[in-house]
Ligand code: AMP
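Residue numbers (the working numbering): 9 to 413.
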């Protein structure tokens, strides 16, 4: 990743190809897609304003949703161009493609300080495959490359790694935007020398997604607290029954080696000592995506490490909350990534909410530095109205300290 930041760049008259994270939530209203939360757009404004002031020609590229290589009208970035124009207080051009003639023509007509947003880069499968020929096509209109999309930066896609490589090969400059710079400072430098005890809370669905983070954190942290569905893959690795809990059998070896490393490194590695379990039942109702809605019946606390065959573990239990909160009480640095359970469902949000409160208390009452990485933990904190009670929230999706390397 580039060490330069936009502050170091001379962009006057240059075509600045900038990757942003405009993967904003949209809702259909009266046949139109409306942005329900513009935070990600607002956060890029400082970088955009700086580059406009310095006379660059800004060409913005982004993805929205998972169109899987198809032109999905509901995943068009067009509404984002309108919102951005409103926020910047100036015209923002929009091209209905991210490569090709229409882009070339629009860019050729740009003046210094103009802003142009390109259509969803994931309308092409080549984006996620980091296809070199596609990266060349994107880079055709780039003199300079700027990445301000922390959420997407850890993935080697054509609009992140690919274009940067092409531009650098040509001798062009590649730099991090101001948002990215801030995120890297917190998630990188601040965590390289954390005040101790350094307590890490990891949750969410997948061990496999986060194993690089776990591995690096095992070199840094004093204590790691595991929650969410991820805990059940660890239980499986320990030989327990996990019933219908969400597990990743392919990641058992990974989980085993993390447990072994924690032991060897003397890192306190805590798994839940109780869970909230319930029986999942498929209903006739369909969700927005046409999938059957699952209802969870008979939620109960289970203190047995084995989960009954017909039940799934969906949240950490009250004893686990107490044990984890006790660890957070003495923490000087806290890093939290991933919810403790299926928190979108109120029945299984208590664990996540209690941990959010404990992190906020540690920050406000005991001066701990708390860093929240990952979209879902940020969502959970905001939902609990505790977003302003922590030290720093990263907007990046799955991006985390280890994955920036
Ligand atoms: P991740 O993207 O890996 O951070 O996972 C976040 C998702 O994991 C959220 O949508 C949670 O609802 C989900 N999740 C967390 N714990 C559980 C659980 N015990 N069972 C099912 N889903 C869970």
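In this text, a Cβ means the ideal position worked out from N, Cα and C, and glycines have one as well.
What are the partner residues of residue i, as DSSP defines its beta bridges?
i	result
residue 37	40
residue 153	25 and 182
residue 342	207 and 378
residue 234	210
residue 309	284
residue 103	126
residue 300	294
residue 278	233
CB of residue i to nearest heavy atom of the ligand AMP: below 8 Å?
i	result
residue 356	yes
residue 258	no
residue 350	yes
residue 85	no
residue 93	no
residue 253	yes
residue 41	no
residue 278	no
residue 345	yes
residue 238	yes
residue 244	no
residue 322	yes
residue 212	yes
residue 384	yes
residue 22	no
residue 297	no
residue 235	yes
residue 217	yes
By the three-class DSSP mapping on this structure, what secondary structure does residue i have?
i	result
residue 2	Since the first and last residues shown for the chain are 9 and 413, residue 2 lies out of range.
residue 321	strand
residue 390	helix
residue 401	strand
residue 289	strand
residue 16	helix
residue 66	strand
residue 148	coil
residue 396	helix
residue 356	helix
residue 187	helix
residue 73	coil
residue 271	helix
residue 351	coil
residue 46	coil
residue 364	helix
residue 224	helix
residue 216	helix
residue 163	coil
residue 201	coil
residue 117	coil
residue 253	coil
residue 90	helix
residue 58	helix
residue 316	coil
residue 174	helix
residue 411	With a pLDDT of 31 at residue 411, under the threshold of 50, the modelled position of that residue is not reliable, and no figure is offered here.
residue 80	coil
residue 139	coil
Are residue i and residue j touching if we call contact CB-CB under 9 Å?
i	j	result
residue 293	residue 151	no
residue 364	residue 337	no
residue 341	residue 285	no
residue 95	residue 53	yes
residue 124	residue 101	yes
residue 368	residue 350	no
residue 325	residue 237	no
residue 257	residue 244	yes
residue 335	residue 279	no
residue 148	residue 104	no
residue 230	residue 276	yes
residue 319	residue 291	no
residue 19	residue 73	no
residue 131	residue 80	yes
residue 191	residue 13	no
residue 24	residue 153	yes
residue 158	residue 29	yes
residue 377	residue 205	no
What whole-angstrom Cβ distance do residue i and residue j have, given they're in contact under 8 Å?
i	j	result
residue 212	residue 77	With 8 Å as the limit, residue 212 and residue 77 do not qualify as a contact, their Cβ atoms being about 26 Å apart.
residue 156	residue 126	Their Cβ separation, rounded to whole angstroms, is 15 Å, which puts residue 156 and residue 126 out of contact at 8 Å.
residue 128	residue 87	Going by Cβ atoms, the distance from residue 128 to residue 87 rounds to 11 Å, so no, they are not a contact pair.
residue 60	residue 91	The Cβ separation is near 17 Å, so there is no contact.
residue 402	residue 381	4 Å
residue 315	residue 391	Contact flag wrong, Cβ pair sits at about 27 Å.
residue 134	residue 166	6 Å
residue 207	residue 339	4 Å
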